[in-house]
Every structure is written in C-alpha cells, then in structure tokens.
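Colleague:
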Amino acid sequence: MAMISFGFTIYKVIQGLQDGATQLPIDLHAARAGMVLTGLGILCLIVGSLEYYMVLRQVRVIMPIPYWRHPLLIAMLLMMVALTIFFSIMAGVL
Numbered sequence: 001m002a003m004i005s006f007g008f009t010i011y012k013v014i015q016g017l018q019d020g021a022t023q024l025p026i027d028l029h030a031a032r033a034g035m036v037l038t039g040l041g042i043l044c045l046i047v048g049s050l051e052y053y054m055v056l057r058q059v060r061v062i063m064p065i066p067y068w069r070h071p072l073l074i075a076m077l078l079m080m081v082a083l084t085i086f087f088s089i090m091a092g093v094l
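Just so we're aligned: the sequence shown equals residues 1 to 94 in the UniProt record's numbering.
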C-alpha cells in the first residue's frame, strides 16, 4: 500500500514541478515514475494475496476456515483502487 501511495505522490510532485516554472536538472517523466511504483505495489499485493491463500489452504486441512476472510477482501479492494490509480496515471487523467 505504501508503494502505491508513494508512486502516486511522486507522480503528482514531479508533475507539479514540470508544470511550474521550476527547471528540473534531469528529464523526469512523472507518469513513468508513478506507474513503476504503483505497479510494484500492485505486484506486491498480488504476491501477498497468493501467499495468504496458500497458507489458508494449509490451515484448512487442520480446521475449517472460509477462504473469503477480511484480509483477502481488503487486499482485493486495494488492488482495485491501485489499478484505478495505475490506469488513471497511464491515461493522464489525474
């Protein structure tokens, strides 16, 4: 989650500097920097969700636990928000 929010923040800061009168010493592409960090955050959420699911499968051998628990649902919600941010940056909407 931190990488997603940091990616969006970096995107907006670099975009603000490029839109303003500030001359940047190097050519930073705001959308690319934001998309890389947001994409890494999404990848981390996917890997974490898969790991959670695999551990949950092992625990279900011992005791009955439903697959759709709160942590997995929250991770799915965060992934949807992160994908919205990612594609908004890509389309230049934000």
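Note that CB positions come from ideal geometry on N, CA and C, so glycine has one too.
Residue 40 and residue 3: beta carbons closer than 8 Å?
Modeller: Closer than 8 Å, so yes.
Colleague: Go through its chain and collect everything with a Cβ distance to residue 10's Cβ below 8 Å, but skip five positions before and after it.
Modeller: Excluding positions up to five away in sequence, the list reads 30, 33, 34, 37.
Colleague: On the DSSP letters alone, give me the boundaries of the alpha helix (DSSP H) that residue 3 sits inside.
Modeller: 2-19 is the span of the alpha helix (DSSP H), which, as asked, contains residue 3.
Colleague: With contact counted as at least three CB pairs below 8 Å, one residue from each stretch, are the region 86-93 and the region 38-57 in contact?
Modeller: Result yes; three or more Cβ-Cβ pairs closer than 8 Å.
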